[in-house]
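Sequential numbering of the sequence shown, starting at 1, is according to the numbering used here.
Written below as structure tokens is the structure these notes are about.
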Amino acid sequence: MSHIAARMLRRLTRNTRGAVIVEFAFALPVLVLMYTGGVYLSDRVSASRKVTVATRSLVDLVSRTMSPTIIYNDPSSANAKSHMSASAVVLSPYKLDEAVEQISLLRVCDATHAYVVWTQAQTQNVNGSVVTPTVSSHTAGTLPTNAAQSSTNIVPIPANMVSPTMIPVSPDASNVCENLAPGTSTKTQVGTSGGWLFMGTITYDYAPFLSYLPMTSTTMTETIYMVPRLY
Numbered sequence: 001m002s003h004i005a006a007r008m009l010r011r012l013t014r015n016t017r018g019a020v021i022v023e024f025a026f027a028l029p030v031l032v033l034m035y036t037g038g039v040y041l042s043d044r045v046s047a048s049r050k051v052t053v054a055t056r057s058l059v060d061l062v063s064r065t066m067s068p069t070i071i072y073n074d075p076s077s078a079n080a081k082s083h084m085s086a087s088a089v090v091l092s093p094y095k096l097d098e099a100v101e102q103i104s105l106l107r108v109c110d111a112t113h114a115y116v117v118w119t120q121a122q123t124q125n126v127n128g129s130v131v132t133p134t135v136s137s138h139t140a141g142t143l144p145t146n147a148a149q150s151s152t153n154i155v156p157i158p159a160n161m162v163s164p165t166m167i168p169v170s171p172d173a174s175n176v177c178e179n180l181a182p183g184t185s186t187k188t189q190v191g192t193s194g195g196w197l198f199m200g201t202i203t204y205d206y207a208p209f210l211s212y213l214p215m216t217s218t219t220m221t222e223t224i225y226m227v228p229r230l231y
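And the structure:
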């Protein structure tokens with residue numbers, strides 16, 4: 001009897017027909033994790049690219065169709081709702097209600113700062129059919145009224161966005177960004193001169209479509225500056 005048992009045991013040790021199944025069982029979780037991780041990274045890159053393209057579309061549309069001088073003279077009449085709604089569609093098939101679009105008109109006051117002339121922001125429902133205005137991260141000034149401006153109307157800009165001809169020069173050589181009081185013969189008030197820039201920003205709250213994986217949500221933000229084509 002022991003002889004038979006020993007022979008069966010030797011046969012089992014030499015039999016490798018089930019080894020592949022065992023190895024596959026060990027490898028399967030790793031393969032699934034690699035696959036889902038790759039899909040997640042691909043989707044995240046795609047969403048980031050969508051945010052960039054949508055932001056560029058927004059600034060390009062506004063810079064081609066809205067006049068900075070008209071906005072400056074009557075900021076309350078400016079409305080970029082249709083432009084922001086059109087740019088949001090670029091985000092599809094991602095959920096539009098996770099995105100906030102913002103556009104601002106800036107007037108350069110020195111090499112690294114600009115005055116906010118006008119700003120508008122909005123979000124929308126999941127398919128973009130209902131638009132809801134939201135608070136902009138910028139604070140627009142009150143020019144062209146003859147009143148003192150606030151330092152909160154000044155925002156930083158990349159130094160490589162402006163050329164020397166876009167930077168205003170005050171008669172007394174003071175920094176125009178610091179001249180918040182109404183202009184005089186010796187000082188140029190901030191926001192009354194300098195080159196124009198449109199600044200578009202889209203913020204998107206990205207959530208992984210595979211909720212069971214340990215992958216966190218993230219906020220994607222893209223900001224693009226463009227010089228107006230229309231004056």
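Note that beta-carbon positions come from the ideal geometry of N, C-alpha and C, so glycine has one too.
Computed from a predicted model, the values in this text were never measured in an experiment.
Rounded straight-line distance, which links the Cα of residue j to that of residue i
i    : j    : result
S151 : M34  : 51 angstroms
Y40  : L31  : 14 angstroms
T218 : N153 : 29 angstroms
G38  : E222 : 24 angstroms
I71  : S77  : 7 angstroms
A47  : S57  : 15 angstroms
V132 : K95  : Note that residue 132 corresponds to Thr in the displayed sequence, not to Val. Roughly 15 angstroms between the two C-alpha positions.
K81  : A140 : 17 angstroms
I202 : S87  : 9 angstroms
R49  : P29  : 30 angstroms
V130 : V89  : 12 angstroms
S85  : L91  : 11 angstroms
P158 : M166 : 13 angstroms
T112 : P156 : 6 angstroms
P228 : S104 : 12 angstroms
T55  : N125 : 18 angstroms
A173 : T123 : 42 angstroms
N127 : H83  : 16 angstroms
V22  : P93  : 41 angstroms
R44  : N79  : 32 angstroms
S42  : T119 : 34 angstroms
I4   : A25  : 32 angstroms
Cβ neighbours of residue i in the same chain (closer than 8 angstroms, five flanking residues each side left out)
i    : result
S193 : R107, P168 and V176
D74  : none
V135 : A121
S67  : P228, L230 and Y231
V53  : V90
P171 : S185, T186, K187 and T188
T142 : Q149
A207 : E98 and S217
A27  : none
T65  : H83 and L230
Beta-ladder partner(s) of residue i, from DSSP
i    : result
S104 : T119 and M199
P156 : H113
T218 : Y206
T165 : Its beta-bridge partners do not exist; DSSP assigns none.
I224 : G200
V131 : Q124
Chain-order list of residues whose beta-carbon lies under 7 angstroms from that of residue i (same chain, five-residue window excluded)
i    : result
S137 : Q102
T69  : Y231
M161 : L197 and Y225
Residue i CB to nearest heavy atom of the ligand SAM below 8 angstroms
i   : result
Y35 : The ligand SAM is not part of the structure shown, which contains no ligands of any sort.
Chain-order list of residues whose beta-carbon lies under 6 angstroms from that of residue i (same chain, five-residue window excluded)
i    : result
D205 : E98 and T219
C277 : As shown, the chain starts at 1 and ends at 231. That puts residue 277 outside it, with no answer to give.
M236 : Because the chain in this structure spans residues 1 to 231, residue 236 falls outside the shown range and cannot be described.
S117 : In the sequence under discussion, the amino acid at residue 117 is Val, which differs from the Ser named in the question. Here the set comprises Y72, L105 and R107.
P164 : none
V51  : I202, Y204, M220 and E222
L61  : H83
CB contact check: residue i to chain D, cutoff 9 angstroms
i   : result
R64 : Included in the structure is just one protein chain, with no chain D present.
| task | Would you be able to state if there are at least three C-beta pairs under 8 angstroms between the stretch 142-157 and the stretch 174-183? | result | yes
Secondary structure, beta strand (DSSP E): runs of 3+ residues fully inside the stretch 63-113: 99-110
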